[in-house]
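Structure record follows, encoded as structure tokens.
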Ligand code: C5P
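Numbering (the working numbering), first residue to last: 40 to 293.
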């Protein structure tokens with residue numbers, strides 16, 4: 040099993056490898072005002088935030104601009120799944136927002152993934168800054184083996200995850216999103232360079248919510264995750280800043 044040290048790739052170094060830079064807080068809130076309020080409450084305890092469908096649909100790119108302008112790093116979780124040209128144009132727009140990471144669906148296929156990677160790289164060069172990392176989502180964790188069979192895929196979710204991770208690696212994606220249970224297998228498939236960003240994190244004693252395949256921050260880091268996505272255990276905590284600091288501390292000691 041790789042240690043967190045062996046996965047500190049050049050890509051990870053570019054994004055920052057301090058424990059605080061490895062925690063991404065999911066800003067799953069319904070408005071820009073609530074997002075700003077949460078970021079203010081968390082204060083210096085975190086620097087990296089995930090903006091997903093809920094917030095992006097409600098508040099649009101402006102909230103991303105405001106957060107990046109105030110020095111926050113952003114993981115824009117758009118899960119793009121489109122024809123290559125449209126995917127590339129969406130990635131260009133995301134790159135203009137100066138985000139650090141954007142998600143695409145690996146099941147969009149090699150052509151779409153390569154188009155996304157090329158669009159990110161060329162947008163980075165044009166803007167004279169680092170290109171956003173293209174993260175591939177393999178099999179979303181709510182899908183079980185029987186759901187894949189229903190879709191006509193005669194494989195287990197685990198096999199499909201490994202297959203899609205390999206395709207994402209071959210297409211030049213910088214990382215994958217994976218559940219804690221998949222980290223070790225994916226790391227074996229994609230080698231040390233790719234980022235592995237892991238949701239489904241639950242510090243000991245916190246509420247599981249609707250997540251089923253969970254791990255503690257320390258276990259996920261020890262399995263080879265480069266970044267952890269944590270939402271409700273921090274955003275719903277009585278003191279979000281303390282909750283974030285405690286996860287950062289657990290990352291540091293792992
Ligand atoms: O609140 P919680 O910690 O469960 O939030 C996890 C975040 O990670 C949510 O924004 C969720 O959409 C996202 N996510 C996930 N499982 C995946 C992919 C993304 O929980 N497979």
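Using N, Cα and C, we set each Cβ at its ideal position, and we do this for glycine too.
Distance between residue j and residue i (C-alpha atoms, nearest Å)
| i | j | result |
| --- | --- | --- |
| residue 200 | residue 143 | 14 Å |
| residue 89 | residue 80 | 16 Å |
| residue 179 | residue 121 | 17 Å |
| residue 132 | residue 284 | 33 Å |
| residue 108 | residue 95 | 17 Å |
| residue 267 | residue 125 | 29 Å |
| residue 233 | residue 117 | 19 Å |
| residue 255 | residue 52 | 23 Å |
| residue 54 | residue 138 | 11 Å |
Assigned exposure category for residue i - 16 Cβ within 10 Å defines buried
| i | result |
| --- | --- |
| residue 72 | exposed |
| residue 189 | exposed |
| residue 281 | exposed |
| residue 209 | exposed |
| residue 185 | exposed |
| residue 251 | exposed |
| residue 262 | buried |
C-beta neighbour in chain B for residue i, strict 8 Å
| i | result |
| --- | --- |
| residue 174 | The question asks about chain B, but that chain is absent: this structure has only one protein chain. |
Residue closest to residue i, alpha-carbon to alpha-carbon, out of the options
| i | options | result |
| --- | --- | --- |
| residue 177 | 168, 221, 164, 135 | 221 |
| residue 156 | 187, 106, 123 | 123 |
| residue 154 | 93, 119, 138 | 119 |
| residue 70 | 136, 57, 98 | 98 |
| residue 50 | 68, 211, 278 | 211 |
| residue 61 | 103, 114, 146 | 114 |
| residue 205 | 55, 226, 256, 187 | 226 |
| residue 63 | 106, 278, 86 | 86 |
| residue 58 | 264, 92, 272 | 264 |
| residue 258 | 278, 291, 279, 228 | 291 |
| residue 214 | 172, 276, 182 | 172 |
| residue 66 | 129, 82, 56, 93 | 93 |
Distance between beta carbons of residue j and residue i, contact taken as under 8 Å
| i | j | result |
| --- | --- | --- |
| residue 253 | residue 239 | 5 Å |
| residue 160 | residue 170 | 5 Å |
| residue 287 | residue 84 | 7 Å |
| residue 237 | residue 218 | 7 Å |
| residue 74 | residue 102 | 6 Å |
Simplified DSSP assignment, three categories, for residue i
| i | result |
| --- | --- |
| residue 228 | helix |
| residue 16 | Given a span of 40 to 293 for the chain in the structure shown, any question on residue 16 remains unanswerable. |
| residue 112 | strand |
| residue 76 | helix |
| residue 174 | strand |
| residue 233 | coil |
| residue 62 | strand |
Residue i beta carbon near the ligand ATP (any heavy atom closer than 7 Å)
| i | result |
| --- | --- |
| residue 268 | Absence of the ligand ATP is noted for the structure shown, with the ligand C5P being the only ligands found. |
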